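Trainee: In my numbering, the protein residues as written are 142 to 973.
Cβ coordinates follow ideal geometry from the N, Cα and C atoms, glycine included.
All figures in this text were calculated on a predicted structure; none of them were measured in a lab.
1. Report yes if the C-beta distance between residue 588 and residue 621 is below 8 Å; otherwise report no.
2. Given a cut-off of 8 Å on the beta-carbon distance, is the pair residue 171 and residue 277 in contact?
3. Let me check understanding here. Comparing Cα to Cα, which of 291, 337 and 490 lies closest to residue 524?
4. Please report the distance separating the alpha-carbon of residue 284 from that of residue 527.
5. Buried or exposed: residue 893, going by 16 or more other Cβ atoms within 10 Å of its Cβ?
6. On the DSSP letters alone, give me the boundaries of the alpha helix (DSSP H) that residue 318 sits inside.
7. Check residue 658 in the structure and name its three-state DSSP category.
8. Quick check on DSSP: helix, strand or coil for residue 735?
9. Roughly how many angstroms lie between the CA atoms of residue 423 and residue 906, to the nearest whole one?
10. Put residue 903 into one of helix, strand or coil per three-state DSSP.
11. Who are the Cβ neighbours of residue 473 in its own chain at under 8 Å, not counting the five residues just before and after it?
12. Please find out if some non-hydrogen atom of the ligand ZN comes closer than 7 Å to the beta-carbon of residue 645.
13. I need the DSSP call for residue 678, collapsed to helix, strand or coil.
14. How many whole angstroms separate the CB atoms of residue 516 and residue 543, which I take to be in contact at a CB cut-off of 8 Å?
15. Based on DSSP bridge pairs, tell me the residues matched to residue 883.
16. Which value, in whole angstroms, describes the spacing of the CA atoms of residue 237 and residue 619?
17. Judging by CA-CA distance, which residue of 248, 169 and 201 is the nearest neighbour of residue 556?
18. Figure out for me which residue from 958, 681 and 690 has the closest Cα to the Cα of residue 273.
19. Quick check for students: name the residue ranges of the beta strand (DSSP E) that lie wholly in the segment 158-207, counting only runs of 3 or more.
20. Buried or exposed, going by whether 16 or more other CB atoms sit within 10 Å of the CB of residue 490?
21. To the nearest angstrom, how far is the alpha carbon of residue 842 from that of residue 469?
22. Given 8 Å as the limit, is there contact between the segment 390-410 and the segment 687-698, that is, 3 or more CB pairs closer than that?
23. The beta strand (DSSP E) spanning residue 238 covers which residue range?
24. Report the start-end ranges of each beta strand (DSSP E) in the segment 381-427 that is 3 residues or longer and not cut off at the edges.
25. Tell me, which residues are paired with residue 898 by DSSP?
26. Apart from the five residues just before and just after residue 209, which ones in its own chain have a Cβ nearer than 6 Å to its Cβ?
27. Flag this pair as touching only if the segment 498-513 and the segment 405-417 have three or more C-beta atom pairs under 8 Å; answer yes or no.
28. Going by alpha carbons, who is nearest to residue 651 out of 529, 411 and 900?
29. Between the Cα of residue 972 and those of 897, 467, 234 and 244, spot the shortest distance and give me the residue it belongs to.
30. Quick check: what's the CA-CA separation for residue 390 versus residue 233?
31. Within 8 Å, do at least three Cβ pairs link the segment 179-190 to the segment 545-553?
32. For residue 953 and residue 923, what's the separation of their Cα atoms in angstroms?
33. Between residue 901 and residue 531, what straight-line distance do the alpha-carbon atoms span, to the nearest angstrom?
34. If we count the other Cβ atoms within 10 Å of its Cβ and call it buried at 16 or more, is residue 903 buried or exposed?
35. In terms of alpha-carbon separation, which member of 572, 880, 580 and 583 lies closest to residue 337?
36. Roughly how many whole angstroms lie between the Cα atoms of residue 949 and residue 957?
What follows is the structure in C-alpha cells.
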C-alpha cells in the first residue's frame, strides 16, 4: 500500500487479512450513495483481529454495516458508544466473531472498522454504506470526492489523546486490491463529466442521462490523491424537490415523510460591505513547503492587492507558533500595503507544526475595527487532533468573526474545514494540489465583501392539514450564486389528494434596513419520489446531528443518540456493532493473535519511512506502529521514548540498534519538553541525525524523502524558491497586479512598460492630450488585463473593479472610461 511501509520478514502476503477494497458509487442529482466492501481472509492457525482506519467526508451519513462470514449474514445496529464497545469486547472475550464501525472521538472525518475473532482459515466480507450531499460551486460545477488520503494529525503538546492499543500493529508493504465504479443516474441531463485522475474512464450514454466511471488500471492507483470527479448538468440551477415517503413498518424518524429541497435564491439585491476588516490566517507549517507555500504566497499578494480602499486588514502566519504582521489590524492605505508586501515576500513554510487552536485564540484577542463581522480567511493543509476544540472556539466567536476556510492539498480534514466555516457562517473550499488556489480564493473574497444575511428563516406554505419542521432548525447561510439545500419533516401528505400547490419563502435581514424575500412555488404531488434506501432521511438526520454536535451544547448528546439510533446513522456517540451469535462452535478467543496479525491499514497515510530506513541501512523494523489519531509510533516493548514537535517515537528492544541509537537521547529521557524554545532548536543529542536535518523547524530529512509537519515533500520541491514557480501561465498577470498601487491606479514607468511588452517611450507618445499619466497608465493596465489575460478574469476581477473606481474619480479630459480603455487596447495591439 502507499504510505507507511515497514518490512517484516516474518509476515508474508498470505498472512495479511485485508485482501481487497471495492467501492461502488451511485450519483443521483446532488446526492451520492457510496458502498464500500472490505474482503478479509485469515490463513493463520489462530483467530485474528483486524482494524481498518479510513477517511470519510465529515458530512457523510453512514447508515449500513453488514458482514458475510463463512456463509452467515450479520447486520449491525446503531448503539450507544459505551454499550457498543462493551458488546464488542464481550463478544471477543467469549469467542464470538464481532465487528465495530465507529467515528473517531476527536474528528468526524476518520472512521475505524474492527473485525474481531476472524476464525482460522476463515473469510469475511464487510460492507458499509453512506450517502452524502454533493457540493455545487457558483459556476454550477458539481463535485464528488472519495477520500483516500489520511494524513497524520498534528497533536499539540498539551492535548490529551486517547491511549493507543497495547497490542503491536504490523504494517506491511503488501498492497490490497482496489476496485472503484461510479454510476450517474437521475433527474438531470449531463453536459460533461471530468475525472481528476488519468486512470478514470468515463462512458457517457447517448441520451446523456446516465454515465459509468471506472478505473482503467486499478493497479496504478496510489493512495496519495483522493478519487474525485466533477459533473456539469444542463439545468443545474433549476430547483429540485424530492419527497421521500416514510414506511409504516419503521419506527421513529424513518416512519415520517421527509422533503429535500435545493434552490438558487435571487440575491442580486445584497449590497457590499460599507466597512470591513479582513484577516488572513496562513499555514506556514513544514507540510506547506514547495509548491503549496508558493501558491499561498501568491494568493496573499492577490488578496492584498484586491482589498477595498479604507478597509482594515492583518495577516498572521502560523505553525507550531504564530507571527502577526501587525500588532493590530491597520487601515488599508499606501504605507500599510507597502509594509505588508514586504512581509509577503518573506513567507516561508518554516513554522513547524499546525497549532490552529492557539492561533485562533490569539485572533479573538485582537480588537475589532468595524461594527460588522470580521472576515477571516484560513488557508491550511493541516490536520489536527483537537478538531472539536477548534470548532467549539470558532462557534463561540461567530457573532463577531466569520471564517472562510480553505483545505489545501490531498487529505485536508473535512471535519475541520467544513465545520469551522459552517459554525461561523462562512464558506468551506477544498483545493487539490493540481488546482489553482488563487482562483478559488478570489472567488470567495467576493462573497466575503457581501453584506452578511442574518436571521434567516424558511417558511412553508402547505395545503390544509400539512405541517413542516425545518431540518436543520437553523437555515443554512446564503451567498450570491450559491444554492441553498434544506430538509423538512412533512406531516399530513397522505391527506392531500387534488391540490398540492404550496410554496416556501426564504427571509433574511441585511443590516438594519434591508432584507431579502424569496418565494419558490411547487406542487407537492408532482415532486420527485426517492428510493427505498432512505437517502433523504439519512441526510436529513445527519444534518440535524451535525447541527447538534457543533452547537457546543453537551446536553444535546441524548438527542443525538436518539436521532442516530432512530435513523440508523452513525454519530460521534453511536457506532455500529454486530455479533455473529449463530455460529454453533465458538472461536477460541484465548488464541486470538492480536500482536502477530493485527493489520491496521490506512488509505494513503502520506508518511513514508522506506527512504529513511534505506538511508540508515535498516532492512527491517519489527513491531513498530503508528497510531493514526495521535501521530505516535509505538512498539510492543516501550523502553525508550523520544518525542519531537508533535510526533512521538517509542522504540523497544526489538527495534534495530541503528534506529534506536538514532532517535534515542543520550539520557533516554521519557518526558516531553515544555520549553517553547525547544521547537526552534535542534535536539542536542541528535548528533547522528544533524547531517540530514533541514533548518526548517519540524523538518526531518530521510534520504530523498522528508517528514515535514504532516506531509511528504521531495528535496527537489524544497529547493524551489517560491517566486520561481509559475502557476499555469499566471506569472504575467501577477506581475501586472503586483505593480498596481493600493488605490487601484498604475504608474507609467519602465516596469509597467515591461509588463505590457512595450517601451516606456512608445506608451508615453500615445498619451492623450492633457490626460494625467497615471490615468493613462491605469487605462493601459485595465486594457492589458482584459486583452491578454481574459482566461484569468477570476484573478483580476476585483483588481479591475478598484482601477475603474479610481478612474471614475479622476479628470478624464472629456473622455469616458470605456473610451480610454478602448484606446489603450488599440495601443497594446499596435506594434511600436
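Mentor: Judging by the given coordinates:
1. yes
2. yes
3. 291
4. 28 Å
5. buried
6. Premise fails: residue 318 lies in the beta strand (DSSP E), 318-326, not in any alpha helix (DSSP H).
7. strand
8. Its pLDDT being 41, under 50, residue 735 is placed unreliably by the model, and the measurement read from it follows with that caveat. Residue 735: helix per DSSP, three-state reduction.
9. 44 Å
10. helix
11. 448, 449, 450, 451, 452, 453, 454 and 883
12. For the structure depicted, the ligand ZN is absent and the ligand set is empty, with no information on it obtainable.
13. helix
14. 6 Å
15. DSSP, once it has assigned bridges, lists no residue as partnering residue 883.
16. 51 Å
17. 248
18. 681
19. 159-169, 172-182 and 189-196
20. buried
21. Residue confidence is low: residue 842 scores 26 on pLDDT, short of 50, so the model does not pin down where it sits. Its coordinate-derived value is still stated next. Rounded to the nearest angstrom, the two C-alpha atoms are 37 Å apart.
22. no
23. 238-244
24. 381-385, 398-404 and 418-424
25. DSSP lists no partner for residue 898.
26. 266
27. yes
28. 411
29. 897
30. 33 Å
31. no
32. 15 Å
33. 52 Å
34. exposed
35. 572
36. 9 Å
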